[in-house]
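Right, one structure below, let's go through it.
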Amino acid sequence: MIFRQFCTSDDEISYLLADPVTRYAALLDPNLLAEPDYIEVMNRLDLRLVYVIETHAHESHLSAASVLRTDTGARLVTHSEADISCVDMHVDAGDSIFVGEECISVLATPGHSMCSLSIRWRDRVFTGHTLLAGATGPCLRDDANAGQLFDSVEQRLFALPDETLVYPGRIRNGWRISSIGQERAMNADLQPGTTRGQFIERKQLEAMYGRTWKNDSLAANRHCGI
24 MIFRQFCTSD DEISYLLADP VTRYAALLDP NLLAEPDYIE VMNRLDLRLV
74 YVIETHAHES HLSAASVLRT DTGARLVTHS EADISCVDMH VDAGDSIFVG
124 EECISVLATP GHSMCSLSIR WRDRVFTGHT LLAGATGPCL RDDANAGQLF
174 DSVEQRLFAL PDETLVYPGR IRNGWRISSI GQERAMNADL QPGTTRGQFI
224 ERKQLEAMYG RTWKNDSLAA NRHCGI
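For the record, in the sequence shown the residue sitting at position 103 is 126 according to the numbering used here, with numbers rising by one throughout.
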């Protein structure tokens, strides 16, 4: 197993997964700020990038997906609901992606956005902005849906074994890794007994007073930097 976590100054997190046999690699949620770091690590480890996977069309940072796709020939993979112009491969719940001899599985986890997905690989799940360490992702976008977010976490992510490692797409309070068991017990948004209605009300209040995103990054990412 070859695995690297990249944290950038905007508190976003991206991931490199690679097969040690074929040296094929995939990048999850690549950030333009870290693009030189990806290239350096892949060159040093003699890896060939074959997939760039976006857990959703990002509003919080500029993606490196288009640059990496052009420079390396990697295929850009997104959920079938993602409105990104240069996608090479759409996936949905239950699909598998083979990176050399490594198999990663797709979970549809809408809510933060309509096109949000999570990626399961071995003993871990990459949750994008759906499930953070100790919280759930914000519902501030036009295509956000708090009810769907509740269902995605409770019915899909919390259905995974407790020992499953959670690798989110964003640092929260300094935390960049968790586990399903820890989130089920201690997540601030989903304390045991929290109902769907209570969760929706909480997210509605969060949207009233929460951070607003500029549309520039989302528009650029949907048009592959154009």
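For glycine and all other residues, C-beta sits at the position ideal for the given N, C-alpha and C.
Item: Every unbroken alpha helix (DSSP H) inside the region 42-117 [4 residues or more]; Value: 58-67 and 88-95
Item: Beta-carbon proximity check, LEU40 vs LEU72, cutoff 8 Å; Value: no
Item: Three-state secondary structure (DSSP) of ILE25; Value: strand
Item: VAL176 - partner residues in DSSP beta bridges; Value: The partner list for VAL176 (beta bridge, DSSP) is empty, contrary to what the question assumes.
Item: Three-way DSSP call (helix, strand, coil) for GLY220 in this model; Value: helix
Item: Coarse secondary structure for GLY271, derived from DSSP in three states; Value: The first residue shown for the chain is 24 and the last is 249, placing residue 271 beyond what the model contains.
Item: Residues near ALA169 by beta carbon distance below 6 Å, same chain, minus five either side; Value: CYS162, ILE223 and LYS226
Item: Distance between beta carbons of ALA80 and SER136, contact taken as under 8 Å; Value: 7 Å
Item: CA-to-CA distance, ALA243 to ASP185, given in whole angstroms; Value: 37 Å
Item: Candidates CYS126, LEU91, ALA116 and GLU124, of which the one nearest CYS109 by Cα; Value: LEU91
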